[in-house]
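A quick write-up on the structure given underneath.
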Amino acid sequence: MTADRAPAPSGARVGPGSHLLVCGGAGFIGSCFVREILAVRDRTRVTVLDKLTYAGNLANLAAVTNDPEQAARYRFVRGDIADPAIVGPLVAEADAVIDLAAESHVDRSILDPSAFLLTGVLGVHVLLEAVRRESERAMTGERRDADGRRRPAPRFLQVSTDEVYGSIEEGRSAEADPLAPRSPYAAAKAAGDLLVQSYRATYGLDVVITRGANTYGPYQHPEKLIPLFTTNALQDLPLPLYGDGFQRRDWVHVADHAGAIAFVLAHGKSGEVYNVPGGGERTNREIVAELLDVLRKPWTLVRSVPDRPGHDRRYAMDGTRLAALGWRARVQFDEGLEETVAWYRDNEAWWRAARGPEWDDYYSTQYRERFAASVAAPPGPATRTADGGWAPDRDE
Ligand code: NAD
Ligand code: DAU
4 MTADRAPAPS GARVGPGSHL LVCGGAGFIG SCFVREILAV RDRTRVTVLD
54 KLTYAGNLAN LAAVTNDPEQ AARYRFVRGD IADPAIVGPL VAEADAVIDL
104 AAESHVDRSI LDPSAFLLTG VLGVHVLLEA VRRESERAMT GERRDADGRR
154 RPAPRFLQVS TDEVYGSIEE GRSAEADPLA PRSPYAAAKA AGDLLVQSYR
204 ATYGLDVVIT RGANTYGPYQ HPEKLIPLFT TNALQDLPLP LYGDGFQRRD
254 WVHVADHAGA IAFVLAHGKS GEVYNVPGGG ERTNREIVAE LLDVLRKPWT
304 LVRSVPDRPG HDRRYAMDGT RLAALGWRAR VQFDEGLEET VAWYRDNEAW
354 WRAARGPEWD DYYSTQYRER FAASVAAPPG PATRTADGGW APDRDE
C-alpha cells in the first residue's frame, strides 16, 4: 500500500483578512455563515458561489448587502460548483474554499436523485480538482499574491452531515465509524466525504470535514420539518407527520452550526473529520408539540401520513473531538426553537416568497396522496406505552 502523501501545511493561515470562497452561501446554513463571518469586521473577504436553485435566496444575504462596510468585502457569483470554468479562477483567488452547496432535502432525493449526485459527487470533484491545481501551484511557487509574495495552498472544508452514518438505534456515531447512508441524499453526501478524503490521501490536500446534526433557525427553506410545520400551523393547514413520529433527531441551531464551521476552518487539524452535534435530541412528536405550544395552536392540526421510504429512525453523534478542539454549541434547543418560530411568525413575506409556484408543484407531489391517506395523529407527543398505545400529553 502506498503511504499517504505528506500533508500540506495546516490551516492556521485562515484567519482575519483571508479571502473565503463560500459555495452554497445563499442557502440556509451558508448564508448564516457568511453573515456571521462578515459581521466580525476583521477584513475577511467573502465570495459566494451559488447556483440559486429553488433553495438559494439572495434575500438571505440582505444584512450583508445593506451594510456598506460588509458589502465592500463581499461578492456574489451565480454559478454551478460542477462548472470547472467558473470554479477554477475563483479557487485561484481564495485562501479557503467552504463547500455548503448541495441539494439538501431527503424527500426530494427520493423523488429524483439526479441533481443530488451532480452537485454532491461531480460538483465536489470539480472543487477538489481546482484545489489540487492550486495546491500544486503553491508547491511550485507559481501561486502568488498581487505583491508577488508566495501564497500557501487553499484549505478545503466540506460541510457534511450526520446522515452519512445511517440510522443509529443506540449510542452515538464517532468520526471513524463506517459510513452507511440510506437515502440518495445521504449517499451523495457520503460520496462527497469519501472523495475529499481520497484527495487528502492521494494528493496531500489540506482538507477538513464537518458532519453537522439537524439544523434549525431563521431562513431555513419551508420544505424542512420545523419551518414547514411552523408555516403550515400559522395558516391553520394540516401538519404531515411521517409514520408514528417517534423518529429521533439531534438539533443544532444554525448559528452554532455556522460557528462550528468557522471554528474548524481556523483550528481544525488538516485531514480530520469533526462531528457537530447540537445536544438537542428530541422525537419529531416532541418537536411538533413544542412548536404548537409556542404558536398556541392545537394538536388536532397534526395528521399521521404514510412514512418516508427508508426513513432513518435516529441520528446521534459523539462530539468529543470537536469539544477537545475547544468548541461547544451555545443555543439551548427550547430557547432556539421559540425564537425560530417567532422569526417565521414575524417574517411572513420571506416564507411566502419561498412558498411560490415551484413550491406548489413540490408540495402537491410530496403530500397530496399522503394527506388523502392520512388519519388524525394520536395525541401524546412524548411516549408510546408498552402495549403499543399512546400515553397522554404531559400536561393533560
Ligand atoms: P440549502 O438547501 O438551504 O442550501 C443549499 C445552497 O446550495 C442553496 O443556496 C443552493 O442554491 C446552492 N446550490 C445547490 N446546488 C448548487 C450547485 N451545483 N452549485 C452551486 N450552488 C448550489 O441547504 P442547507 O440546509 O443550508 O445545507 C448546507 C449544507 O449543509 C449542505 O451541504 C447540507 O448537506 C449540509 N447539512 C445540512 C444540515 C441541515 O439540517 N440543513 C445538516 C447537516 C449538514
Ligand atoms: O441530519 C442532518 C440532515 O437534517 C441534513 O443533512 C439534511 O440536509 C436536512 O434536510 C435534515 O434531514 P432530515 O430528513 O432529518 O430533515 P427533515 O426536516 O426533512 O425531517 C426531519 C424529521 O421530520 C424526519 O424524521 C422526517 C420528519 N418529517 C419531515 C417532513 C418534511 C415529517 O414527519 N414530516 C414532514 O413533512
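The working numbering applies: residue 4 is where the sequence shown begins, and numbers increase by one. All residues carry an ideal CB built from backbone N, CA and C; glycine is no exception. Note that the structure is predicted; figures quoted are calculated from it, not measured.
Given residue i as reference, the closest of the options once Cα atoms are compared
| i | options | result |
| --- | --- | --- |
| ILE290 | GLY282, GLU39 and LEU228 | LEU228 |
| SER176 | ARG306, PRO280 and ILE40 | PRO280 |
| PHE36 | GLU72, TYR77, THR56 and ALA149 | TYR77 |
| LEU182 | GLY207, LEU55, ASP102 and MET320 | MET320 |
| PHE336 | ARG252, ARG81, TRP302 and ARG44 | ARG252 |
| VAL378 | ARG333, TYR245 and LYS272 | TYR245 |
| VAL344 | TYR365, TYR219, GLN73 and ALA356 | TYR219 |
| PRO230 | PHE79, GLU351 and PRO87 | GLU351 |
| ASN69 | PRO92, ARG48, ARG38 and VAL17 | ARG38 |
| LEU304 | LYS54, ARG146 and ALA380 | ALA380 |
| PRO92 | GLY271, ARG311, ARG140 and GLY59 | ARG140 |
| ALA193 | GLY20, GLY329 and LEU120 | LEU120 |
| ASP196 | GLN223, TYR222, GLU166 and GLN369 | GLU166 |
| TYR366 | HIS314, ARG306, ASP110 and LEU41 | ASP110 |
Beta-carbon proximity check, residue i vs residue j, cutoff 8 Å
| i | j | result |
| --- | --- | --- |
| ARG317 | ILE171 | yes |
| VAL199 | VAL127 | yes |
| LEU295 | ALA236 | yes |
| VAL90 | VAL129 | yes |
| GLU137 | PRO157 | yes |
| LEU131 | VAL211 | no |
| ALA104 | THR122 | yes |
| GLU361 | TYR57 | yes |
| SER107 | PRO187 | no |
| PHE249 | THR286 | yes |
| TRP346 | PRO225 | no |
| ARG358 | THR234 | yes |
| VAL334 | PHE31 | no |
| ARG214 | VAL276 | yes |
| VAL51 | VAL17 | no |
| ASP259 | ALA332 | yes |
| LEU208 | ALA97 | no |
| ARG153 | ARG146 | yes |
| VAL124 | ALA191 | yes |
| GLY169 | ASP315 | yes |
Which residues DSSP lists as bridging residue i, in chain order
| i | result |
| --- | --- |
| ILE212 | GLN161 and VAL276 |
| ILE101 | VAL25 and LEU160 |
| ARG81 | ASP53 |
| HIS256 | TYR219 |
| ARG147 | ARG153 |
| ARG48 | HIS22 |
| ARG306 | PRO243 and ALA379 |
Helix, strand or coil at residue i [DSSP, three-state]
| i | result |
| --- | --- |
| LEU55 | coil |
| VAL378 | strand |
| GLU372 | helix |
| ARG397 | Because ARG397 carries a pLDDT of 46, less than 50, the predicted location of this residue cannot be relied on, and no value is offered for it. |
| TYR222 | coil |
| TYR318 | coil |
| PRO19 | coil |
| LEU120 | helix |
| TRP330 | coil |
| HIS108 | coil |
| TYR284 | In the sequence as presented, Tyr is not what sits at residue 284; that position holds Glu. GLU284: strand per DSSP, three-state reduction. |
| ASP363 | helix |
| ARG43 | Note that residue 43 is Val in the sequence shown here, rather than Arg. It is coil, neither helix nor strand. |
| LEU244 | strand |
| ARG311 | coil |
| ARG405 | This structure cannot speak to residue 405, because the chain is shown only from 4 to 399. |
| ARG324 | helix |
Anticipated Cβ contact below 8 Å, residue i with residue j, distance rounded
| i | j | result |
| --- | --- | --- |
| PRO243 | VAL308 | 4 Å |
| GLU293 | LEU340 | 6 Å |
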